[in-house]
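>
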Amino acid sequence: MSTIIALIAQLLHIALMLAAAPLLIGLIRRIKARLLGRAGPSLIQPFRDLQRLLRKQPVLADNASWLFAAAPAVSFAATLAAAALIPSFALGMTTAPLADMIVIAGLLTLSRVVLALAGMDIGTAFGGIGASREMTFAVFAEPALLLVIFTLALLAGSTNLDVIATVLREGTLGLRVSLGLSMVAVITIAIVENGRIPVDNPATHLELTMVHEAMVLEYSGRHLALIEWGVALRLLLWLTLICTIFVPFGSGQASGFPPYWITGALAWAAKLGVLAIALAVFESSIAKMRVFRVPEFLGIALLLGVLAVIFLFVSQGFT
Amino acid sequence: MTPHLAYGAFSYDLAHLLGAAVLVLSFGLLYQRRLTSIIAIYALQSVVLAIAATWQGWVQDSAHLYVTALIALCAKGVAIPLALRNIVFRLRIERSVDAALGVFPSMALGVAVATLSILVVLPNTIESETLTREDLALALSVVMLGLLSMITRRSALTQVIGFMSMENGLILAAVGLPGMPLIVELSVAVLVMLAFVVFGVFFFRIRDQFDSLDVSHLDRVGGTHK
Amino acid sequence: MSPDASPGFWLTGLAIVAGVLFVLGLLAAAGRVRAAYWATLAVCAAGAVLDLGFLAAGHAGPPLSVPIGLPGAGIQLALDGISAFFLLLLMLIGAAAAATALDDHGHYNSTAALLPVFIGAMTLSLLAADAFSLVLGFEAMSLASFGLVLTNHTDPPVRSAALLYLGMAALGAACLIPAMALLVHLEPGAVDLSFAAIREHPPQGWRAIAILVLVLIGAGSKAGLAPLHVWLPPAHAAAPSHVSALMSGAMTKVALYVIVRMLFDLCGPAQPIWWGVPLMALGAMGAVLGALRANIEGDITAVRACSTVENIGLIAVGLGLALAARSADLPALAALAMGGALLHVMAHGLFKSLLFLGAGAALHGAGTRALERLGGLIHRMPVTTGCMLVGAACLAALPPTSGFASEWTLFQAVLAGPRIGGVALQTLICVVALLMALAAALAAAAAVRLIGVGFLGRPRTPRTAAAHEVGYAAQLAMLAMALLCLLAGLFPGAVLAAAAAGLKQTVGLTMAGRSSLLLVTPQAGSPGYAAPAIAALLGLALAGVVWVVRRRATGGSRRGPAWDCGFGPPPAWLPFGDPITQYGGASFGQPLRRALGVALLGAFELVDMPEPGQTRAARLIVRSKDPASALLFKPVARWRDALSGYADHLQFLTIRRTLSVIFGVVVLFLLAVVLLEQL
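Right, dumping it as structure tokens:
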């Protein structure tokens with residue numbers, strides 16, 4: 552019985568993630584527009600965009616290979632698989648035993664590598680520039696993420712996200728300096744991984760300043776719809792990850808009483824809302840940085856991660 | 110040691126988190142290249158320091174820490190940053206600082222220094238109170254980072270800020286130690302004000318003399334050869 | 304064969320395999336090259352089957368004595384868990400290399416005789432059960448591979464690469480043979496070289512430290528452990544691709560086997576914790592250095608060779624951690640680290656030989672291995688590109704491939720490493736973890752660069768545009784290797800089961816209870832990595848996406864010129880567009896070269912811009928140098944020159960002085976003997 556309930560929670564979680572992702576993008580755009588004194592588009596505008604793109608027939612470049620056509624679906628599937636592993640409103644879902652943080656990082660890498668390859672497939676300069684920069688950023692983001700995983704694994708005794716979230720939700724660890732440093736690192740990584748300002752501008756129309764958008768420049772129609780949806784899903788995934796690890800309070804238990812799911816979902820929505828507002832304010836108040844400064848920006852995350860781990864070693868909490 | 114300062118207790122944890130925030134802002138100082146942002150980060154660091162002092166004042170129930178917090182907030186959080194901004198605009202200094210060392214090497218050096226401070230302080234103070242130990246480690250790291258940011262920058266203004274951030278580290282150590290008399294903080298604050306004035310004069314002198322705030326111009330005066 | 308012992312059926316079979324491989328060398332030398340290749344393929348396949356039989360059913364029996372070699376003693380062969388594991392990998396790669404060689408159109412006939420000898424020598428080193436036969440096999444392997452590297456000896460770079468390789472092999476021998484001599488227990492009257500005798504008297508004190516250092520130099524230089532990896536990229540680029548596949552996939556692993564055999568098995572478990580530290584530190588450094596160079600090199604074979612340095616580094620970290628954990632009496636952690644290392648040995652051996660075979664196919668089909676001349680092979684060589692994609696996915700450690708499974712296990716071991724204790728060691732492990740993750744991410748970037756520049760995009764030269772697929776034998780070899788890679792990725796538990804006997808032997812504990820066919824976990828009962836489940840999840844997600852898109856979206860697609868932000872379609876005289884407008888290997892690596900290469904590799908760029916009015920093309924000159932060659936090899940070469948300069952003076956001494964030098968040397972020698980007797 553509890554298996555079936557956990558499965559229902561799992562399916563509900565996936566459906567919620569898929570539905571909430573475009574909504575989150577709509578919300579952030581709306582808040583940013585308001586901050587700039589504009590009315591802003593409707594919250595469901597991203598849905599309309601997706602539907603419009605799905606209706607259009609894609610145009611493939613003359614020398615596009617099968618890889619180019621397959622990449623958006625593979626990349627989206629990898630992101631979706633990672634999203635399915637990150638608990639939103641309840642812990643202990645069906646995939647909880649699989650939700651290893653290194654696996655999640657690997658799935659996100661898979662999604663990125665596939666798109667980078669597709670960016671190289673047409674043989675245009677923009678695709679290459681985007682792919683090259685995207686992979687360079689990942690080179691610095693992944694070690695930083697691993698160090699955060701290191702800290703969490705030392706605290707919780709496992710790299711499994713569900714175990715970590717359960718340990719942190721109980722609150723017995725208290726406020727740790729290492730956790731604080733890790734949070735700063737994760738937020739930095741999340742900004743880079745999602746291509747937000749100041750690293751990349753998702754709304755730009757100047758090709759030379761784009762990273763992710765340059766990589767997927769040749770896509771159109773349903774392929775582009777999958778990519779845009781995947782980008783939204785990835786943002787939601789990272790924000791949910793931050794909530795799950797650093798603000799784990801309020802989430803329910805999948806095997807528990809389903810009405811608690813509602814409070815869990817409400818807590819999740821509230822946390823996402825706060826993060827969305829913070830992101831919009833942050834993005835509106837700073838300028839994009841030069842591409843070659845991004846490794847330095849990520850270097851901070853990296854070094855804070857090191858500091859977090861070392862602090863854990865020497866403080867009394869870890870023996 | 111008061112019982113509510115035990116490890117894992119909320120008051121203890123929050124004190125450390127604030128200390129860590131001061132440390133992170135020190136890294137921010139080391140990383141940032143634009144003068145106005147450096148000044149803003151310094152102001153923020155002082156405000157966090159003020160919060161930390163207030164929290165300690167409440168936990169240790171000692172009134173003089175509130176005074177310390179007030180000094181930190183008013184002088185270093187508001188007055189000095191405003192004055193420094195004023196200098197930047199009046200002197201029309203270039204907004205970006207040329208660093209003597211690249212950002213990544215200096216950050217790596219920073220983490221190494223911070224690690225060293227933690228490794229030195231924590232095992233050596235194993236008998237002393239928990240609250241003091243980690244605060245001391247954080248404070249020593251902040252001091253060392255301040256010194257580092259003075260070394261890695263060429264501009265006189267950033268050196269002043271590095272110096273004052275060192276002083277923030279000292280205050281952080283002071284508020285963490287229960288029973289530290291107020292006189293020390295006051296004297297340190299006065300020292301900073303003095304230094305600020307001295308450096309202010311100093312700016313104008315260099316500016317008049319060399320048309321730049323780059324202290325490497327002083328090398329010739331000192332007789333060293335680059 | 305001695306009559307009183309009854310060596311197992313499997314061991315006898317494999318000994319015959321090794322002997323037949325040496326004989327096949329003669330067959331090839333006699334001119335029957337294709338027959339020799341076919342026979343090598345068959346013999347290696349038979350060897351793989353025999354080895355699997357041993358792993359499934361057999362148990363280590365008494366050694367087999369063969370009456371060749373040292374007078375009176377002969378050589379002893381044995382098969383146990385750890386050697387059988389490495390032997391399986393060797394036989395698989397050997398078969399694939401022989402199959403690919405069948406497709407060489409007689410280009411490599413001059414050195415064809417050495418290929419079976421090379422495989423046979425490696426088999427001998429793995430089967431060796433005494434110090435003499437191990438050294439014999441190892442050095443025969445070095446010499447045979449030196450000959451194979453020289454296949455295209457008319458090229459000057461090939462000759463210099465082979466010379467460097469030979470020099471490193473000589474250094475390796477000069478360290479490995481003394482290490483063996485130190486291991487052998489000296490008793491008056493009888494010198495027993497067999498491993499069984501060595502195990503009874505494990506070395507201690509300065510002798511153990513000397514052995515550690517000598518093994519790390521001797522076998523480490525052959526494995527490509529930093530900083531002695533300098534020979535690897537030029538030698539791999541110089542050798543034919545199927546030889547590079549063997550060298551990178553199997554020979555470096557044989558060297559690792561020697562490290563495992565000598566440090567884990569023969570030196571015994573009673574060694575200090577710090578023994579693992581040099582392996583961990585050197586491994587982590589080499590991993591980053593190799594992965595970074597893989598993003599900068601311009602020849603696809605050199606890229607793979609640098610990535611070999613990276614992967615050997617990762618394996619060395621696992622081995623070092625296992626050594627330290629075993630000494631700290633944490634057998635569970637030691638087994639996890641060793642299991643990760645052995646998984647990575649298998650994964651890397653398979654995917655790296657696949658990638659080298661693919662590089663050979665590119666050379667064969669498109670006439671070049673330079674990234675700046677390839678491009679667009681996915682259209683002309685679909686099978687090769689498909690196999691390369693599988694190999695590159697393993698290289699980039701993407702789930703659910705074998706590269707990910709092994710790196711996951713290694714990371715789990717490293718993350719649990721702080722339990723060994725000591726703040727200094729913990730800090731080191733933290734830095735090692737950081738460097739490993741950096742190396743893994745760099746490897747992913749290198750994989751994208753390799754596939755994206757070499758196999759996707761537009762062809763950069765007319766020759767590349769007219770590329771053709773390789774022959775069926777080579778295709779089949781690649782497809783088989785790709786299939787093995789996928790299977791090893793989906794079922795890492797099966798590979799760990801094959802390594803169980805080796806784990807038991809080296810660290811005293813297997814992964815039993817922590818790894819099954821479907822699941823690998825760091826601790827018994829905790830959640831872990833379930834590769835089939837992750838693959839199923841990915842498959843379900845993909846199926847769902849495809850289903851939704853099929854239902855909701857407009858089907859079909861149209862073709863048109865690339866949008867490229869409004870760039871016009873290419874003119875008629877440039878059918879693939881101007882190749883310069885496409886990202887190449889140097890441009891793809893530029894951000895990393897700037898961010899890390901300047902500091903770590905001393906990379907610099909020079910833009911040679913012609914004056915206005917001149918018609919020559921602008922050029923970008925990019926140079927980088929390996930710190931190992933700049934900091935270690937160049938000074939050593941200078942010392943060597945200085946030393947030979949001094950030695951030169953000796954030629955011009957008077958007779959009296961010459962005699963006094965001889966006298967002094969003899970006295971020193973006698974003094975040394977006296978001192979050694981005191982010890």
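Residue numbers (our numbering), protein chains in the order written: chain A, 552 to 870; chain B, 110 to 335; chain C, 304 to 982.
C-beta: ideal position from N, C-alpha, C; glycine also.
Since the structure is predicted, the reported quantities are computational estimates derived from the model, not experimental observations.
Buried or exposed: aspartate 651 of chain A, going by 16 or more other Cβ atoms within 10 Å of its Cβ?
Buried.
> Assuming leucine 618 of chain A and leucine 759 of chain C make a contact with CB atoms under 8 Å, what is their CB distance in whole Å?
Indeed, because the Cβ distance is near 7 Å, the residues count as touching under 8 Å.
> Would you mind reading off the limits of the alpha helix (DSSP H) that contains phenylalanine 907 of chain C?
Element bounds for phenylalanine 907 of chain C: not the alpha helix (DSSP H) but the beta strand (DSSP E), 907-911.
> I'd like the list of long-range same chain contacts for phenylalanine 848 of chain A, defined as Cβ closer than 8 Å, with 5 residues on each side in sequence excluded.
Result list for phenylalanine 848 of chain A: Thr739, Val743, Pro749, Val750, Met840, in chain order.
> Which residues mark the beginning and the end of the beta strand (DSSP E) in which leucine 380 of chain C is found?
Its beta strand (DSSP E) spans residues 378-380.
> With distances taken from CA atoms, which of A:Leu790, A:Gly657, A:Ala805 is nearest alanine 829 of chain A?
Checking every option, the nearest Cα to that of alanine 829 of chain A belongs to A:Leu790.
> Closer than 8 Å by C-beta to leucine 174 of chain B: which residues in its own chain qualify, once you throw out the five before and the five after it? Chain order, please.
These residues qualify, in order along the chain: Ala162, Thr163, Gln165, Gly166, Val284.
> Applying a beta-carbon distance threshold of less than 9 Å, which residues of chain B neighbour glycine 731 of chain A?
Those within 9 Å of glycine 731 of chain A in chain B are His125, Leu126, Ala129, Ala130, Val133.
> Residues of chain A with CB closer than 7 Å to the CB of leucine 228 of chain B, please, in chain order.
Those are Val865, listed as they occur along chain A.
> Any idea if glutamate 764 of chain A is buried or exposed, counting beta-carbon neighbours within 10 angstroms, 16 or more meaning buried?
Answer is buried; the Cβ neighbour count reaches 16.
> Taking the C-alpha atoms as reference points, what is the distance between glycine 815 of chain A and leucine 823 of chain A?
For glycine 815 of chain A and leucine 823 of chain A, the distance between alpha carbons rounds to 12 Å.
> Please state the DSSP three-state secondary structure of aspartate 602 of chain C.
In this structure, aspartate 602 of chain C counts as strand in the three-state DSSP scheme.
> Alpha carbon to alpha carbon, how far is alanine 664 of chain C from alanine 608 of chain C? Give it in angstroms, no decimals.
Looking at the two C-alpha atoms, the distance is approximately 16 Å.
> Kindly list the residues whose CB is nearer than 6 Å to the CB of alanine 363 of chain C, restricted to its own chain and excluding five residues on each side of it in sequence; keep chain order.
Here the set comprises Asp383.
> Which residue spans inside the region 553-630 of chain A form an unbroken alpha helix (DSSP H) run of at least 4?
DSSP runs (the alpha helix (DSSP H)) wholly in the region 553-630 of chain A: 553-586, 596-606.
> What residue from C:Leu466, C:Leu418, C:Asp458, C:Pro459 has the CA that sits closest to alanine 443 of chain C's CA?
Out of C:Leu466, C:Leu418, C:Asp458, C:Pro459, C:Leu418 has the C-alpha closest to the C-alpha of alanine 443 of chain C.
> Please confirm if serine 120 of chain B has its CB atom under 8 Å from at least one CB of chain A.
Not closer than 8 Å to any Cβ of chain A, the Cβ of serine 120 of chain B fails to qualify, so no.
> From histidine 334 of chain B to arginine 263 of chain B, what distance separates their C-alpha atoms?
Low local confidence applies: a pLDDT of 44 at histidine 334 of chain B is under 50, so the model's placement there is unreliable, with the coordinate-based value given in what follows. Spanning the two alpha carbons is a distance of roughly 16 Å.
> Please decide whether serine 305 of chain C counts as near chain B, where near means a Cβ-Cβ distance under 8 Å.
For serine 305 of chain C, the predicted model reports a pLDDT of 39, less than 50, meaning its position is unreliable; a value from the coordinates is still stated below. Cβ-Cβ to chain B under 8 Å: no for serine 305 of chain C.
> Roughly how many angstroms separate the alpha carbons of alanine 1060 of chain C and serine 927 of chain C, rounded to a whole number?
As displayed, chain C neither begins before 304 nor continues past 982, which places residue 1060 of chain C out of reach and without an answer.
> In chain A, which residues lie with their C-beta within 9 Å of the C-beta of alanine 889 of chain C?
The premise fails here: alanine 889 of chain C is roughly 11 Å from chain A at the closest Cβ pair, so nothing lies under 9 Å.
> So which of C:Ala558, C:Gln885, C:Leu745 has the shortest CA-CA distance to leucine 677 of chain C?
Ranking C:Ala558, C:Gln885, C:Leu745 by Cα distance to leucine 677 of chain C puts C:Gln885 first.
> Given this structure, state the Cα-to-Cα distance separating leucine 586 of chain A from glycine 577 of chain A, to the nearest angstrom.
Looking at the two C-alpha atoms, the distance is approximately 14 Å.
> Across which residues does DSSP place glutamine 804 of chain A in a beta bridge pair?
For glutamine 804 of chain A, which the question treats as bridged, DSSP gives the partners A:Leu642.
> Please report whether the beta-carbon of valine 714 of chain A lies at a distance below 8 Å from any beta-carbon of chain B.
Valine 714 of chain A does not count as touching chain B.
> If the cut is a Cβ gap below 8 Å, which residues of chain A does phenylalanine 136 of chain B touch?
Chain A residues near phenylalanine 136 of chain B: Ile851, Leu854, Leu855.
> Applying the criterion that 16 or more other CB atoms from any shown protein chain within 10 Å of the CB defines a buried residue, is valine 969 of chain C buried or exposed?
Valine 969 of chain C is exposed by the Cβ-count criterion.
> Could you tell me the alpha carbon to alpha carbon distance between valine 825 of chain A and serine 135 of chain B, rounded to whole angstroms?
Roughly 27 Å separates the two Cα atoms.
> Helix, strand or coil: how does DSSP classify aspartate 307 of chain C here?
In this prediction, aspartate 307 of chain C scores a pLDDT of 40, lower than 50, which makes its location untrustworthy; the coordinate-derived value is nonetheless stated afterwards. Aspartate 307 of chain C: coil per DSSP, three-state reduction.
> Determine, using beta carbons only, whether tyrosine 140 of chain B comes closer than 8 Å to chain E.
Among the protein chains of the structure shown, namely A, B and C, there is no chain E.
> Which of the three DSSP states, helix, strand or coil, is assigned to glycine 792 of chain C?
Of the three classes helix, strand and coil, the one that applies to glycine 792 of chain C here is helix, per DSSP.
> At what residue ranges does the region 833-873 of chain C contain a whole run of the beta strand (DSSP E), taking only runs of 3 or more?
Runs of the beta strand (DSSP E) inside the region 833-873 of chain C: 861-863.
> Between which two residues does the alpha helix (DSSP H) containing valine 352 of chain C stretch?
Valine 352 of chain C -> alpha helix (DSSP H) spans 336-360.
> Rank C:Ala387, C:Ala477, C:Val518, C:Leu467 by C-alpha distance to the C-alpha of leucine 486 of chain C and give the top, closest one.
Nearest option by C-alpha distance: C:Val518.
> Would you say valine 728 of chain A lies against chain B (beta-carbon separation less than 8 Å)?
True, the Cβ-Cβ gap to chain B drops below 8 Å.
> Alpha carbon to alpha carbon, how far is serine 226 of chain B from leucine 245 of chain B? Give it in angstroms, no decimals.
For leucine 245 of chain B and serine 226 of chain B, the distance between alpha carbons rounds to 9 Å.
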